[in-house]
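Everything below concerns the one structure shown next.
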Amino acid sequence: MIEVTIGYVAGFIAAAVVVDMVPNNHGPSDCRTALRHRDSCYMAVLSIAVLIVITSIVTPLGLYEQVDTLGTRVGSFAYVKDLSSFGSATSQRGVHDFSRICSWVYVPAPCPYSENRVMVTSNGTNITVELPYGYSSRVSPIVREIFSSGTTNLTTISNFFDIEWRQLTTTLMLHIDNGTEVPVGLYR
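Under this note's numbering, the residues of the sequence shown are numbered 254 to 441, in order.
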């Protein structure tokens with residue numbers, strides 16, 4: 254049985270467009286009606302459509318053969334310090350743990366999958382916020398597992414935790430992490 258790939262399906266669709274463009278006497282066609290007043294550009298449009306058909310079939314086949322013939326190799330990587338101004342302006346990685354702080358309008362909120370508990374009460378004029386167990390900005394292990402699960406068995410190259418701020422600074426927040434400094438992204 255013939256294996257139908259995305260490239261073949263794209264080629265079939267493109268071929269159907271070309272067949273629809275070729276004039277015939279077996280009934281009206283939307284393309285012929287649209288091109289009736291443009292006879293001078295008809296051959297150019299037909300040529301482009303034929304080129305698209307050929308390209309849509311040939312390109313995936315060539316890519317498949319190229320990828321299929323490559324052998325797998327384990328690459329070796331070595332860290333090279335970036336001495337450019339771009340690298341010098343980048344904060345050192347691995348110094349701070351990943352952190353996140355969630356909030357409602359001006360009120361801290363528990364982040365999904367965190368152990369934080371926030372009690373908000375209102376008497377109509379004032380809002381009172383209580384953090385009975387404090388507020389931790391640390392990313393919980395379950396969140397790390399959820400966003401890193403795609404990297405198991407080398408199914409992807411990157412994950413959510415590969416995206417970091419270019420520059421970090423620390424700030425002191427009284428109610429977060431027991432008043433210790435918290436890393437925050439720095440805008441320039």
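For every residue, glycine included, the Cβ atom is placed at its ideal position computed from N, Cα and C.
* **For Lys-334, the nearest candidate out of Thr-422, Arg-391, Gln-345 and Phe-413 (CA to CA)** => Ranking Thr-422, Arg-391, Gln-345 and Phe-413 by CA distance to the CA of Lys-334 puts Gln-345 first.
* If I'm right that Ala-267 touches Ala-302 with Cβ under 8 Å, what's the distance once you round it to whole angstroms? => Sure, about 7 Å apart at Cβ, within 8 Å.
* Asked: In or out: His-279 buried (at least 16 other Cβ within 10 Å) or exposed?
  -> Because the pLDDT at His-279 is just 48, under 50, the model does not fix this residue reliably, and the value given afterwards should be weighed accordingly. The residue is exposed, with fewer than 16 neighbouring Cβ atoms inside 10 Å.
* Please confirm whether Ile-354 and Ser-390 have their CB atoms less than 8 Å apart. => Contact flag set, yes.
* Would you kindly check if the distance between the Cβ of His-428 and the Cβ of Tyr-386 is under 8 Å? => No, these two residues do not count as a Cβ contact at 8 Å.
* **Beta carbon of Ser-401 nearer than 8 Å to that of Ser-367** => If you check the CB distance, Ser-401 and Ser-367 do not come in under 8 Å.
* Asked: Exposed or buried, what is Val-306 when buried is set at 16 or more other beta-carbons lying within 10 Å of its beta-carbon?
  -> Val-306 comes out buried.
* Please check the pair Phe-339 and Phe-414, which I expect to be a contact at CB under 8 Å, by giving their CB distance rounded to whole angstroms. => Phe-339 to Phe-414, Cβ: 21 Å. No contact.
* Can you grab the Cα-Cα spacing for the pair Leu-336 / Tyr-359, in whole Å? => A straight line joining the alpha-carbon of Leu-336 with that of Tyr-359 spans about 41 Å.
* **Nearest-angstrom Cα separation, counted from Leu-304 out to Glu-256** => Rounded to whole angstroms, Glu-256 to Leu-304 spans 23 Å at the Cα level.
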